[in-house]
Amino acid sequence: MANDYHDEHLDSPLVVHKVTDASYHETENNVDVNATHIEEETATLERHRFKKEKKSSKWPIILTFLVVVIAVFCYLYFSGSLAGIGLGTAQTTTEPETQAYTLPENPYEGIITVKGTYIFFEGEEVDGIEGLESEVRYLDSGASFVIQDEDADSTFLYEEVLPLLQQYGIQTEVRYVVSSGLTSRYETTSGAAQSTSQAQ
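Okay, so the sequence shown: first residue is 1300 according to our numbering, each after it adds one.
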């Protein structure tokens, strides 16, 4: 009896047909597909079901759309474009503002002032022709300076200062000024001596 059971191998009561299966299409044995769906008075061991074809999913399209929308929103938020409507911030960095320290510029840079017989090289007084010569000795030839004539002694300016500058290859341009704002250290002492002598 055990042998009889193995000889009569029972099929699975549920058979699922795929589109590629030969049993999916109508055959001579299965004339009417609807016949399997009609209620029969007798019970059958085998029921037929046909596998549904899957439709393409729309999830990848929806997911891609959401990623693009989020990326655009993030760009607008962090660039400050949404700050006008109250979203985002116009300034994305929170670093404290630092002030760069710059050295004050010399207003007399490139200027030699001759006041009487006193000489000022770029705003600082030098000791006569010797002091001017020590300042310009190591300058590049072809450098240019503006010579400010502030009540300068013309003989001193044109016969001593300008020939010295030309000797070192410095280009000059003479300009006449009323007041350069520079004062010699000898002028302050002589002015103070005059005021003390007048007080006595």
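Glycine included, each C-beta is placed from N, C-alpha and C at the ideal position. Here the structure is a predicted model, which means the values were calculated and not measured.
The stretch 1363-1375 makes no contact with the stretch 1398-1414; the number of CB pairs closer than 8 Å stays below 3. Residue state for serine 1433 is assigned as helix, using DSSP reduced to three classes. Proline 1359 and glutamate 1352 have their C-alpha atoms some 19 Å from each other. Secondary structure at glutamine 1466: helix, using DSSP grouped into helix, strand and coil.
Taken atom to atom, the span from the alpha-carbon of isoleucine 1411 to that of threonine 1454 is near 17 Å.
With respect to the 8 Å criterion, arginine 1474 and valine 1445 are classified as neighbours on the basis of their beta carbons.
Tyrosine 1376 and isoleucine 1361 have their C-alpha atoms some 22 Å from each other. In this structure, leucine 1456 sits away from valine 1425, with a CB-CB distance that is not shorter than 8 Å. The residues Ile1418, in chain order, have a CB closer than 7 Å to that of glycine 1427 in the same chain once the five nearest residues on each side in sequence are set aside. The Cβ neighbour count for glutamine 1447, taken over all protein chains shown within 10 Å, is at least 16; the residue is labelled buried. Glycine 1415 places its beta carbon less than 8 Å from that of alanine 1451.
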